[in-house]
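Worksheet: one structure, shown below.
Residue numbers (the working numbering), protein chains in the order written: chain A, 1459 to 1556; chain B, 19 to 575.
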């Protein structure tokens, strides 16, 4: 398994912003392993955490994310809490009917 | 005072200095056209929205200022897509405004509804779906700031019909937004100057960034001061005088043999305002493997994207050069320049026989010799485009308008119209091929509408020439779908549209006398030049090969 890392994004909160972010990943053929997203404060901005593989493409994807007009801040989190994303995976596994 | 969303858009476009807008109306953008009818902005009605997109590009590429196009929802909007994607690949500041069905209908698969916001996400620098008339007060100035700042690019704004009609009170108009450029890192500039001073075989590899930044004079100053030879990409042509001994012309897939050989001998590659595109570098791994690579570009994401740089700097190349030139030593570099000259003598560009009057390279050279230095040249895409890049003596920046990144056939004619609209008094030449011209031939009607000084030189070989060339060289001469079954009479077509037409062969006069007449007469004309369909563009770096592994274009000793 690849070593993973987490990219933290502070973004403008509007319906198109996730399209811009996920579109970058598909366009640049970069894998996205998990997404956590929630609004901040009054809802004009949101915080997004992206679980990604730590490989050669990481530098390029971070630079591309920094160029997006609706992305206000990009940070890399080496020491993230993996259990956060594990819980998503559990949630998906326990979904009724699966 | 109350203004509708449409009136707000037009007023803000006027404030941005927009004088001309190309487009085609339709239901959901009619409120905007209604407001436009009361403005001093001139509207250019095209015959296809792609034409409007490329007219905007022709205005923007030739002036450096953001240009605007309009289209209606659905098919009008999707017809703009190619022109927007083309602007993204070549970093052209264009603001495309499209009508959309009313907000209440969005998502209902209404008549002429298409998700233009979603469609333009990957092909714009930024895009908007306006939700209210008030929001336009922020969106319009911001879109111009985004289109023009740093690395320019297209911005798309989708405006639902009800947003155009909504009336709001506007007490205060937003001011035009300016973007403050970041000062480049002074230590890094010093480090790069130091590398130049210590290098014995430096080489400048320059591109569109020089032209975007208006840094051609500074580039020339650096090259002259430190005796550094300069190779240009397709997008950088016009940034150096073509007859200067330091100028090596275009590098890459169809660059000269000597240029491609010389580049690989450099010990310091100064990549300024370039993006290591595969057409310029060939196989990137084998591109300058022994050189220290210095990469300066305004877009940080270009650094280390294709080729790992040893030293890099993201910033405006003009600002960087201004700071760098005083730190660079005056050098003559006699050994390096002697090597360069020897290579150029050993591997000269393969010129066709002078008596072969109809060889496209001879035609291009003849026209280049007749045209004024500020003449703007638009090309389409294919063999003729590469022959123009190899042979036309571009003297000034922004005199070559060509679809470099996306390589869009059909670009030339509408881009030439846009250049003519934005540069009254200048002659515009459009070099095209019979494959390309037919892709936007309907814009001859727009050209006739405005009687612009556009001279179309149409190379006719009855083929998709560059496709045929690849089939000959790489697919065992297995020709499929590269020859047209019938060929129209382009001179009759031009005349049918109300544009003067000349057939070079049938006319019987010397080509040069027809060109002289065509370049001097006011108004548009088309000159059909029949050429040998077996003529190929050489030399050529086969796809995936290193830049020094060229085929063709050898000169027999």
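Backbone N, C-alpha and C define an ideal beta-carbon position, used for all residues, glycine too.
Asked: Using a Cβ-Cβ cut-off of less than 7 Å, give me the residues of the segment 121-141 of chain B that come near chain A, in sequence order.; Found: 135, 136, 139, 140
Asked: Quick one: which chain B residues come within Cβ less than 9 Å of residue 1522(A)?; Found: 319
Asked: DSSP has residue 268(B) in a bridge; who is on the other side?; Found: 250(B)
Asked: Please go through the segment 442-527 of chain B and give each complete beta strand (DSSP E) segment of 3 or more residues, from N-terminal end onward.; Found: 446-451, 472-478, 518-521
Asked: Compute the Euclidean distance between the alpha carbons of residue 434(B) and residue 1511(A), then round it to the nearest angstrom.; Found: 46 Å
Asked: In whole angstroms, give me the CA-to-CA distance for residue 569(B) and residue 375(B).; Found: 25 Å
Asked: With distances taken from CA atoms, which of 289(B), 310(B), 338(B) is nearest residue 321(B)?; Found: 289(B)
Asked: Smallest Cα separation from residue 406(B): which of 470(B), 392(B), 385(B)?; Found: 385(B)
Asked: Against chain B, with Cβ distances strictly below 8 Å, would residue 1512(A) count as a contact?; Found: no
Asked: Compute the Euclidean distance between the alpha carbons of residue 17(B) and residue 162(B), then round it to the nearest angstrom.; Found: The structure shown has nothing for residue 17(B), since chain B only spans 19 to 575.
Asked: Could you tell me whether the Cβ atoms of residue 520(B) and residue 536(B) are closer together than 8 Å?; Found: yes
Asked: So, using beta-carbon positions, are residue 420(B) and residue 401(B) closer together than 8 Å?; Found: no
Asked: Please report the distance separating the alpha-carbon of residue 351(B) from that of residue 218(B).; Found: 7 Å
Asked: Would a check of beta-carbon distances place residue 1468(A) closer than 8 Å to chain D?; Found: Absent from the structure: chain D. Protein chains present are A and B.
Asked: Excluding five sequence neighbours on each side, which residues of the same chain lie with their C-beta closer than 7 Å to the C-beta of residue 36(B)?; Found: 59, 86
Asked: Given that a residue counts as buried once 16 or more other Cβ atoms are within 10 Å of its Cβ, and exposed if not, what is residue 575(B)?; Found: Residue placement at residue 575(B) cannot be trusted, given a pLDDT of 40 that sits under 50; the coordinates are not used to answer.
Asked: Strictly under 8 Å for the Cβ-Cβ distance: is residue 1517(A) near chain B by that measure?; Found: yes
Asked: Relative to the C-alpha of residue 109(B), which candidate in 145(B), 138(B), 172(B) has its C-alpha closest?; Found: 172(B)
Asked: Give the residues of chain A in contact with residue 48(B), contact being defined as C-beta atoms less than 8 Å apart.; Found: Chain A residues near residue 48(B): none, gap ~26 Å exceeds 8 Å.
Asked: Taking the alpha-carbon positions, what's the residue 1479(A) to residue 1547(A) distance?; Found: 21 Å
Asked: Do you know how far the Cα of residue 549(B) is from the Cα of residue 370(B)?; Found: 13 Å
Asked: Counting contacts by CB-CB distance shorter than 8 Å, is residue 1501(A) in contact with chain B?; Found: no
Asked: Quick one: which residues of the segment 307-341 of chain B get their C-beta closer than 7 Å to a C-beta of chain A? List them in chain order.; Found: 318, 319, 322, 323
Asked: So with CB distances below 9 Å, who are the chain B contacts of residue 1474(A)?; Found: 135, 136, 139, 145, 146, 147
Asked: Flag residue 459(B) as yes if its beta-carbon sits less than 8 Å from any beta-carbon of chain A, otherwise no.; Found: no
Asked: Using beta carbons (cut-off 8 Å, strictly below), is residue 158(B) in contact with chain A?; Found: no
Asked: Just the Cα atoms here: how many angstroms apart are residue 454(B) and residue 482(B)?; Found: 8 Å
Asked: With DSSP run on the structure shown, which of helix, strand or coil describes residue 347(B)?; Found: coil
Asked: Which runs of the beta strand (DSSP E), 3 residues or longer, sit entirely within the segment 312-384 of chain B?; Found: 329-332
Asked: Would DSSP call residue 575(B) helix, strand or coil?; Found: In this prediction, residue 575(B) has a pLDDT of 40, which is less than 50 and means its spatial position is unreliable; nothing more can be read from the coordinates.
Asked: Starting from the beta carbon of residue 1492(A), find every residue of chain B whose beta carbon is closer than 7 Å, and list them in chain order.; Found: None at all; the shortest Cβ gap to chain B is about 22 Å.
Asked: With 8 Å set as the bound, which would you pick, yes or no: does the beta-carbon of residue 175(B) sit closer than that to a beta-carbon of chain A?; Found: no
Asked: Please classify residue 303(B): is it buried, with 16 or more other beta-carbons within 10 angstroms of its beta-carbon, or exposed?; Found: exposed
Asked: So what's residue 1550(A) in DSSP terms, helix, strand or just coil?; Found: helix
Asked: Going along the segment 92-107 of chain B in order, which residues come within less than 9 Å of chain A, judged by CB to CB distance?; Found: none
Asked: Would you mind working out which of 1465(A), 1520(A), 1491(A), 1495(A) sits nearest residue 1472(A), comparing C-alpha positions?; Found: 1495(A)
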